[in-house]
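First up is the structure itself, then whatever we jot down about it.
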Amino acid sequence: MRTLMILALCMVVATAIRHKRQAYYDPNINYKYTTKNNLETSTGDIFGAIMKLLITSCFIVVLTIIEESASSEKLSREKRQYNNNNNQADQQQQYQQQQQYQQQQSDYQQQQNDYQQQQQNQYTEQQQRYNQEELDYEQDMQNTELKYQQDLQNTEQKYDQDMQNVEQKYQQDVQHRQQDRQQQISDEQSQAANNNNM
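Numbered per mature numbering (1 follows the signal peptide of the UniProt record, and there is no 0), the sequence shown spans residues -16 to -1, 1 to 182.
What follows is the structure, given as structure tokens:
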């Protein structure tokens, strides 16, 4: 566009120079130059030059308006592109922030789940250990009670057996004494009978 404006300006300058030379040159007089006073009276050439100058000026004004309109449109387009790029950048940043927030939420939820699972495992382990200790204690008590009953039964059986042995020995001693007494009586009777016979 600037090239067109420079070209139009060159056309204006060339036209002015040409009309100036025509004003000083008379082709009817053997290509000799006339005086300046005679040339200034050539109003037709001057009017034509002015008209061409005005037309060229209008053309330059139109080109300038077109260039300004194109520049304004280009600036508006660049501004829209800039705004679109900014919007895309903002959307991308918002998307990244949203993704980062969701990742943080996911990590936090995973930590909570891990903590709860750890607590549940610890509680389950403690409960199992407590239950096992309870079972061991009950088993020990049962074993102790069983041993006590067995010991008591053995003691009672031994006591009964001892008492039976004592009773049996006593009966045997009584029987032996009775036998000895009877034998003594029998011996005395035999002794007495022998004495009487003598």
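Each residue gets a CB set at the ideal place from its N, CA and C atoms; glycine is no exception.
* Asked: Using the C-alpha atoms, what's the distance from Q163 back to E151?
  -> 18 Å
* Asked: Taking just the CA atoms, how far does F43 sit from I49?
  -> 10 Å
* Rounded separation between R5 and E51 - CA only -> Low local confidence applies: a pLDDT of 47 at R5 is under 50, so the model's placement there is unreliable, and no value is given.
* Cα separation between L47 and Q88? -> 60 Å
* To do: Could you tell me the distance, in whole angstroms, from the CA atom of R113 to the CA atom of Q106?
  => 10 Å
* Please report how far the alpha carbon of V45 lies from the alpha carbon of N69, in whole angstroms. => 35 Å
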